[in-house]
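What follows is a single structure, written as structure tokens, with notes after it.
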């Protein structure tokens, strides 16, 4: 049996769950940029993801998979402009990007990743 | 090569697939509560998930990740009221919850989880 | 630390990422069938997935999980007619199928899989 380690545990979800040499993150949403545009919100989210990865001794060179939900697919280019600059060259994760309505109307996007330790 | 074990195998999908020390479940949908509300449907689905986990020697303390699709994001609070009470304190999985139209108009939600054995 | 191997690496995403004995593929979309129907597009996508699996020494008997996003849930039956014939009997992956608007209006569906090596 492989140990399970949970970080940022709440009643509803954990921010991330480590099992073996993989970390499963929750869908991360904007925190400090709720009233701002998709560019600001993706920077906000990617910053949070990076911080969480650092806390567990991982980093963005170890991303395995990312799923991006856009509240409006029209944000696609604006999101990618920030995403493309954030991804470490040669270390891009597998990725999915689709449109879905999100839990808060102020969220323009939500991102969930799986990373290696 | 790690063995793959499939449970509830049909032509279209398996209810769950075990690989190594992880189980990947299909998106579970309501079975006995098709004409009922989101509260009843999530209880129905979580019951099915729990039963599947039991069958493979796992349980809800070993959930790694959950994705919840709501047919209408308006079901968010109703779904959470049941979810929050179901999750084992200190063992919440990483989670995503978004809106998507589902395969049957009677489905108010669908849940897919990854669990450790 | 388990090695990470990336195939089809671009600035935005990798076609697939291998970690340990699992491969995480990106969401695959139609390439040569953009102006065609859902049947043609799923054949196109499944062909690409099969080719990618072959390249890494895997195959469709080793699919663990598949997520299918339909641009319109009305494509459900048409998609399944092809899917059911493609899946190797006894080896169906766990599966989710939901509706989401996709990055290109010509995409009728997008499929993402996780496979064992």
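Chains as they are written, first to last, in the working numbering: chain D, 366 to 482; chain X, 366 to 482; chain G, 366 to 482.
Note that the Cβ used here is the ideal one computed from N, Cα and C, for glycine as well.
Using a Cβ cut-off of 8 Å (strictly closer), state whether residue i contacts chain G.
i	result
residue 441 of chain D	yes
residue 460 of chain D	yes
residue 447 of chain D	no
residue 397 of chain X	no
residue 414 of chain X	no
residue 403 of chain X	no
residue 379 of chain X	yes
residue 467 of chain X	yes
Within 10 angstroms of its Cβ, does residue i collect 16 or more other Cβ (buried), or is it exposed?
i	result
residue 435 of chain X	buried
residue 370 of chain X	exposed
residue 411 of chain G	buried
residue 428 of chain X	buried
residue 403 of chain G	buried
residue 409 of chain X	buried
residue 474 of chain X	buried
residue 493 of chain G	No statement about residue 493 of chain G is possible, as the shown extent of chain G runs from 366 to 482 and does not include it.
Quick one: does residue i have its CB under 8 Å from some CB of chain C?
i	result
residue 373 of chain X	Reference to chain C is not applicable here, since the protein chains of this structure are D, X and G.
Counting only C-beta atoms, is residue i closer than 8 Å to chain D at any point?
i	result
residue 423 of chain X	no
residue 384 of chain X	no
residue 463 of chain X	yes
residue 406 of chain G	no
When you compare the CB positions of residue i and residue j, do they come within less than 8 Å of one another, or not?
i	j	result
residue 459 of chain G	residue 390 of chain X	yes
residue 430 of chain X	residue 479 of chain X	yes
residue 423 of chain X	residue 380 of chain X	no
residue 464 of chain D	residue 465 of chain G	yes
residue 414 of chain X	residue 393 of chain X	yes
residue 482 of chain X	residue 372 of chain X	no
Spell out whether any CB of chain X is found under 8 Å from the CB atom of residue i.
i	result
residue 473 of chain G	no
residue 431 of chain D	no
residue 457 of chain G	yes
residue 394 of chain G	no
residue 436 of chain G	no
residue 535 of chain D	Lying outside 366 to 482, the shown extent of chain D, residue 535 of chain D is not represented and no answer is given.
residue 480 of chain D	no
residue 391 of chain D	yes
residue 411 of chain D	no
Given residue i, which residues of its chain have a CB within under 6 Å of its CB, disregarding the five upstream and five downstream residues?
i	result
residue 432 of chain G	461, 477
residue 451 of chain D	411
residue 443 of chain D	403, 404
residue 445 of chain D	none
residue 419 of chain X	none
residue 401 of chain D	none
residue 470 of chain D	none
Could you give the C-beta distance for residue i and residue j, rounded to a whole number, given that I count them as a contact under 8 Å?
i	j	result
residue 374 of chain D	residue 457 of chain X	6 Å
residue 367 of chain G	residue 386 of chain D	5 Å
Using a Cβ-Cβ cutoff of less than 7 Å, which residues in the same chain neighbour residue i once the five nearest sequence positions on both sides are dropped?
i	result
residue 448 of chain G	407
residue 396 of chain X	409, 413
residue 426 of chain X	453, 456
residue 376 of chain D	none
With a threshold of 8 Å on Cβ separation, who are the neighbours of residue i within its own chain once the five nearest residues in sequence on each side are excluded?
i	result
residue 439 of chain D	none
residue 472 of chain X	394, 395, 399, 406, 436
residue 378 of chain X	391
residue 441 of chain G	435, 462
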